[in-house]
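K.L.:
According to our numbering, the sequence shown holds residues 10 to 327 in order.
Handing you this structure, nothing more for now.
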Amino acid sequence: MVSTGTKAIVVLTALSVEYLAVTGQLTNLKREDHPTGMIFERGELPGTSWEIYVAEAGEGNQAAAVLTERAIAWLNPRAVFFTGIAGGRKRDVVLGDVVVATQVWGYQGGKQGVDGFKGRPRTWETSFELQQAARYAGRGGWVECTSPMADTPPRMHFKPILAGEIVLDSPQSTFEGYLDSHYNGAAAIEMEGAGFASAAHLAGTVPFLVVRGISDKADGTKQATDATGTQETAARHAAAATMAVIAALPEPVALQDADAKSKPGHARKDGHDTGTADVPLASADSQKQINRAERGGVVYAVQNGSQTINSGPEAGDQ
10 MVSTGTKAIV VLTALSVEYL AVTGQLTNLK REDHPTGMIF ERGELPGTSW EIYVAEAGEG
70 NQAAAVLTER AIAWLNPRAV FFTGIAGGRK RDVVLGDVVV ATQVWGYQGG KQGVDGFKGR
130 PRTWETSFEL QQAARYAGRG GWVECTSPMA DTPPRMHFKP ILAGEIVLDS PQSTFEGYLD
190 SHYNGAAAIE MEGAGFASAA HLAGTVPFLV VRGISDKADG TKQATDATGT QETAARHAAA
250 ATMAVIAALP EPVALQDADA KSKPGHARKD GHDTGTADVP LASADSQKQI NRAERGGVVY
310 AVQNGSQTIN SGPEAGDQ
């Protein structure tokens, strides 16, 4: 069964820029050490009762799988997230947009025969409950927590993503042609989601979700776009979206008042009530409290259905 009484939620990242974006959304950070040496920071998400455990796993599916399994076994969390940046694969998914993975496609399995390579991918569906929380959050004011605000507000897309061990940065390579032919529905490509999803799936009872901000288009321009700060922007947007999803979850069972009234929904001009609009999020400029570790020293943060929720002009799947 899903553990609905715990206050712990795990958010894993691969890179320092992603880690900093997540911890920038939290307050009262404190260091927590796993027995194997894995270092977490535990923080509070303002306006909620959740305790968010953040760790930087490093790049690659293998590390993501191992550290996901350790975090789940150690903390028995309410949910686990992998949050960070990715390359975009759809024309309507622009730099700075956020892709919430409905499915994770591990694309590197296959068989090479005399008649060519035949793919044998693995696929994991992300948790329906967290997808629903994300769709709800996407209708709210999550973009207000992406400070500094982008000139064009980012949009939240619900599409599959690809995960493997290859950094793709060419629109005309043989590999790109293979992906386009066999995985055309994927909106993003990254390097940790398959390991993370596999470990969470094998754990059996923990809802899991991958949230990615688009930092490049995997089209040969990665180095140039990264130099303009797109990684930092995409990481902030993914972190803000992840915190909005967490804020949309029901409070831990142990903290719920049996007589508590339903929370009001997103503010609507037509006055409709939809659920949790009074749950505030920390802005990216919220003051972050850095605490001293128990052993001394200052702790520094180092790190196939589709739907689009628009905060800007309407755009279809292309």
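Glycine included, C-beta positions come from ideal geometry on N, C-alpha and C.
As the structure is a computational prediction, the values presented were derived from the model and not from experiment.
For residue 23, which of helix, strand or coil comes out of DSSP?
P.N.:
Taking the first residue of the sequence shown as position 1, residue 23 is located at position 14. Residue 23 falls in the coil class under three-state DSSP.
K.L.:
Going by the CB atoms, is the gap between residue 209 and residue 89 shorter than 9 Å?
P.N.:
Counted from its first residue, the sequence shown places residue 89 at position 80. Counted from its first residue, the sequence shown places residue 209 at position 200. In contact: residue 89 and residue 209 (Cβ atoms closer than 9 Å).
K.L.:
Do you know how far the Cα of residue 135 is from the Cα of residue 249?
P.N.:
The residue given as residue 249 occupies position 240 in the sequence shown. The residue given as residue 135 occupies position 126 in the sequence shown. Going by the C-alpha atoms only, they are around 19 Å apart.
K.L.:
Quick one: is residue 247 buried, meaning 16 or more other Cβ sit within 10 Å of its Cβ, or exposed?
P.N.:
Taking the first residue of the sequence shown as position 1, residue 247 is located at position 238. So residue 247 counts as buried.
K.L.:
Considering only their Cβ atoms, is the gap separating residue 66 from residue 21 smaller than 9 Å?
P.N.:
The count along the sequence shown starts at 1 and reaches residue 21 at position 12. The count along the sequence shown starts at 1 and reaches residue 66 at position 57. With respect to the 9 Å criterion, residue 21 and residue 66 are classified as neighbours on the basis of their beta carbons.
K.L.:
In chain order, which continuous runs of the alpha helix (DSSP H) of length 4 or greater are located wholly inside the stretch 107–169?
P.N.:
Within the stretch 107–169, the runs of alpha helix (DSSP H) that reach at least 4 residues and sit entirely inside it are, in chain order, 137–147.
K.L.:
May I ask you to verify whether the stretch 77–86 touches the stretch 137–147, counting CB pairs closer than 8 Å and requiring at least 3?
P.N.:
Contact annotation: the stretch 77–86 does not touch the stretch 137–147, with fewer than three C-beta pairs closer than 8 Å.
K.L.:
Given 8 Å as the limit, is there contact between the stretch 50–67 and the stretch 225–244, that is, 3 or more CB pairs closer than that?
P.N.:
At 8 Å Cβ cutoff, the stretches do not touch.
K.L.:
Assign residue 216 to buried or exposed, taking buried as 16 or more other Cβ atoms, counted over all protein chains shown, within 10 Å of its Cβ.
P.N.:
Locating residue 216 in the sequence shown gives position 207, counting from the first residue. Residue 216 comes out buried.
K.L.:
When the Cα atoms are used, what is the spatial distance from residue 6 to residue 255?
P.N.:
With the chain represented from 10 up to 327, any question about residue 6 goes unanswered, as that position is not in the structure.
K.L.:
Am I right that residue 175 and residue 95 are in contact with their C-beta atoms under 8 Å? What's the rounded C-beta distance?
P.N.:
Residue numbering aside, residue 175 sits at position 166 when the sequence shown is read from its first letter. Residue numbering aside, residue 95 sits at position 86 when the sequence shown is read from its first letter. Contact doesn't hold; Cβ gap of about 13 Å is too wide.
K.L.:
With a threshold of 16 other CB atoms inside 10 Å of the CB of residue 207, please say whether the residue is buried or exposed.
P.N.:
As a working note, residue 207 is residue 198 in the sequence shown. By the neighbour-count rule (16 or more Cβ atoms within 10 Å), residue 207 is buried.
K.L.:
Compute the beta-carbon to beta-carbon distance between residue 171 and residue 195, rounded to the nearest angstrom, for a pair I have assumed lies under 8 Å.
P.N.:
The count along the sequence shown starts at 1 and reaches residue 171 at position 162. The count along the sequence shown starts at 1 and reaches residue 195 at position 186. That pair is a contact at about 5 Å.
K.L.:
Just how far apart, CA to CA, sit residue 237 and residue 114?
P.N.:
By one-based count along the sequence shown, residue 237 stands at place 228. By one-based count along the sequence shown, residue 114 stands at place 105. Rounded to the nearest angstrom, the two C-alpha atoms are 29 Å apart.
K.L.:
What are the residues that DSSP puts in a beta bridge with residue 29?
P.N.:
By one-based count along the sequence shown, residue 29 stands at place 20. None, per the DSSP bridge assignment.
K.L.:
Apart from the five residues on each side of it in sequence, which residues of its chain come closer than 6 Å, Cβ to Cβ, to residue 145?
P.N.:
Position 136 of the sequence shown, counting from 1, holds the residue named residue 145. Within the same chain, Cβ atoms closer than 6 Å to the Cβ of residue 145 are found at 257, the five residues on either side in sequence being excluded.
K.L.:
Quick check on residue 189: does DSSP put it in helix, strand or coil?
P.N.:
Counted from its first residue, the sequence shown places residue 189 at position 180. Reduced to three states, the DSSP call for residue 189 is helix.
K.L.:
Out of curiosity, what's the CA-to-CA distance linking residue 268 and residue 261?
P.N.:
The residue given as residue 268 occupies position 259 in the sequence shown. The residue given as residue 261 occupies position 252 in the sequence shown. Residue confidence for residue 268 is low, a pLDDT of 45 falling below 50, so the modelled location carries little weight and cannot support an answer.
K.L.:
Whole angstroms are fine: how far does the CA of residue 42 sit from the CA of residue 304?
P.N.:
Here residue 304 refers to the residue found at position 295 when the sequence shown is read from its first residue. Here residue 42 refers to the residue found at position 33 when the sequence shown is read from its first residue. Legend: pLDDT at residue 304 = 38, less than 50; position of this residue unreliable, value from coordinates given subsequently. Answer to the nearest angstrom: the Cα atoms are 11 Å apart.
K.L.:
Report the three-state DSSP secondary structure of residue 183 (helix, strand or coil).
P.N.:
The count along the sequence shown starts at 1 and reaches residue 183 at position 174. Three-state DSSP puts residue 183 in a helix.
K.L.:
Please return the same chain residues whose Cβ sits closer than 7 Å to the Cβ of residue 153, not counting the five positions on each side in sequence.
P.N.:
Here residue 153 corresponds to residue number 144 of the sequence shown, with the count starting at 1. Correct list: empty, nothing qualifies.
K.L.:
Hey, which unbroken runs of the beta strand (DSSP E) at 3 residues or more fall wholly within the stretch 52–88?
P.N.:
Complete beta strand (DSSP E) runs here, min 3: 60–65.
K.L.:
Let's test the definition: count the other Cβ atoms within 10 Å of the Cβ of residue 26 and tell me whether it reaches 16, buried, or not, exposed.
P.N.:
Here residue 26 refers to the residue found at position 17 when the sequence shown is read from its first residue. Classification of residue 26: buried, given that the 10 Å Cβ count is 16 or more.
K.L.:
May I have the straight-line CA-CA distance separating residue 192 from residue 93, to the nearest angstrom?
P.N.:
Here residue 192 refers to the residue found at position 183 when the sequence shown is read from its first residue. Here residue 93 refers to the residue found at position 84 when the sequence shown is read from its first residue. So the alpha carbons of these two residues sit roughly 21 Å apart.
K.L.:
Determine the DSSP secondary structure at residue 231, reduced to helix, strand or coil.
P.N.:
Counting from one through the sequence shown, the residue named residue 231 turns up at place 222. In the structure shown, residue 231 sits in a helix (DSSP, three-state: H, G or I).
K.L.:
Return the residue from the list 45, 72 and 91 that minimises the CA-CA distance to residue 61.
P.N.:
Residue numbering aside, residue 61 sits at position 52 when the sequence shown is read from its first letter. Cα-wise, what sits closest to residue 61 is 91.
K.L.:
Since residue 253 and residue 70 are thought to touch, with beta carbons under 8 Å apart, how far apart are those beta carbons, to the nearest angstrom?
P.N.:
The sequence position of residue 253 within the sequence shown is 244, counting from 1. The sequence position of residue 70 within the sequence shown is 61, counting from 1. That pair is no contact at about 26 Å.
K.L.:
Look at residue 68 and residue 24 and say whether their C-beta atoms are less than 9 Å apart.
P.N.:
Indexing the sequence shown from 1 puts residue 68 at position 59. Indexing the sequence shown from 1 puts residue 24 at position 15. Yes, the pair counts as a contact, with Cβ atoms nearer than the cut-off.
K.L.:
Relative to the alpha-carbon of residue 221, which residue among 240, 233 and 235 has its alpha-carbon at the smallest distance?
P.N.:
Translated into the one-based positions of the sequence shown, residue 221 becomes position 212. Selected option, being the one with the closest Cα: 240.
K.L.:
Going by DSSP, which residues form a beta bridge with residue 39?
P.N.:
Working through the sequence shown from its first residue, we reach residue 39 at position 30. 51, per the DSSP bridge assignment.
K.L.:
For residue 288, collect the residues of the same chain with a Cβ closer than 8 Å to its Cβ; drop the 5 residues on either side in sequence, then sort them by chain order.
P.N.:
Position 279 of the sequence shown, counted from the first residue, corresponds to residue 288. Bear in mind that the predicted position of residue 288 carries a pLDDT of just 43, short of 50, making it unreliable; the figure below should be weighed with that in mind. For residue 288, where only same-chain residues beyond five positions count, the Cβ hits under 8 Å are 56, 57, 256, 257 and 272.
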